[in-house]
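Be aware that the sequence shown starts at 113, since it is given in our numbering, and climbs by one per residue. Note that beta-carbon positions come from the ideal geometry of N, C-alpha and C, so glycine has one too. Source: prediction; values computed, not measured. Okay, so here's the structure we're looking at.
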Amino acid sequence: MKTKISILLIILLGAGSMLKAQQQDQIQKQDRIHQEEHLRFYDGKLYQYKDGVQSQVTEQVRLRNGTVVNPDGSYQLQNQERFQLRQGECLDMDGIRYRTQNKFNKRRSIPDKQISPNRSGGINRNKPAGSRGGGAGAKRGKNN
Numbered sequence: 113m114k115t116k117i118s119i120l121l122i123i124l125l126g127a128g129s130m131l132k133a134q135q136q137d138q139i140q141k142q143d144r145i146h147q148e149e150h151l152r153f154y155d156g157k158l159y160q161y162k163d164g165v166q167s168q169v170t171e172q173v174r175l176r177n178g179t180v181v182n183p184d185g186s187y188q189l190q191n192q193e194r195f196q197l198r199q200g201e202c203l204d205m206d207g208i209r210y211r212t213q214n215k216f217n218k219r220r221s222i223p224d225k226q227i228s229p230n231r232s233g234g235i236n237r238n239k240p241a242g243s244r245g246g247g248a249g250a251k252r253g254k255n256n
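Put into structure tokens, the structure is as follows:
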């Protein structure tokens, strides 16, 4: 009887320590994400997240790729194209735009070697939605 109780106690302690370690890993991952510098447009204001601190942007911010971001959420690329951030959208410091804070966080939690160079989320925006590719010379059906 004593051995059964002691075995049960050891199992419970082991499971508790494993759960604690998983929670600690999750907290560290979230802290790392919040430490990464980025910009977010929310309620008509631009906020900068740097070293885990959120501050409202009052002057222009120049990103690493040469993009200039204004406090009103508008930004201009190096090729002079102008865009406007929408509610909740984020820009990382390399000028990559994310639809939501959550998408930014998920992108950052993936190791760099697993991120594909196609930053559009796997969608080829140059082709119509129904197009499967293959070009004009692709064979389709039995008659081609």
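Proximity to residue i [Cα-Cα], best of the options
{"i": "residue 208", "options": "132, 178, 124 and 199", "result": "178"}
{"i": "residue 157", "options": "163, 136, 182 and 116", "result": "182"}
{"i": "residue 200", "options": "131, 153 and 122", "result": "153"}
Span of the beta strand (DSSP E), counted from its first residue to its last, around residue i
{"i": "residue 204", "result": "202-204"}
{"i": "residue 165", "result": "165-168"}
{"i": "residue 211", "result": "Where residue 211 is concerned, there is no enclosing beta strand (DSSP E), given that its DSSP letter is neither H nor E."}
{"i": "residue 160", "result": "157-162"}
{"i": "residue 194", "result": "194-196"}
Own chain residues within Cβ distance below 6 Å of residue i, not counting five before or after
{"i": "residue 203", "result": "151 and 209"}
{"i": "residue 175", "result": "205 and 207"}
{"i": "residue 161", "result": "150"}
Euclidean distance between Cα positions of residue i and residue j
{"i": "residue 164", "j": "residue 218", "result": "17 Å"}
{"i": "residue 155", "j": "residue 184", "result": "10 Å"}
{"i": "residue 216", "j": "residue 159", "result": "14 Å"}
{"i": "residue 131", "j": "residue 196", "result": "44 Å"}
{"i": "residue 194", "j": "residue 186", "result": "7 Å"}
{"i": "residue 168", "j": "residue 192", "result": "25 Å"}
Chain-order list of residues whose beta-carbon lies under 8 Å from that of residue i (same chain, five-residue window excluded)
{"i": "residue 190", "result": "177, 178 and 179"}
Strand pairing of residue i, partner residues [DSSP]
{"i": "residue 125", "result": "BP columns for residue 125 are empty, so no partner."}
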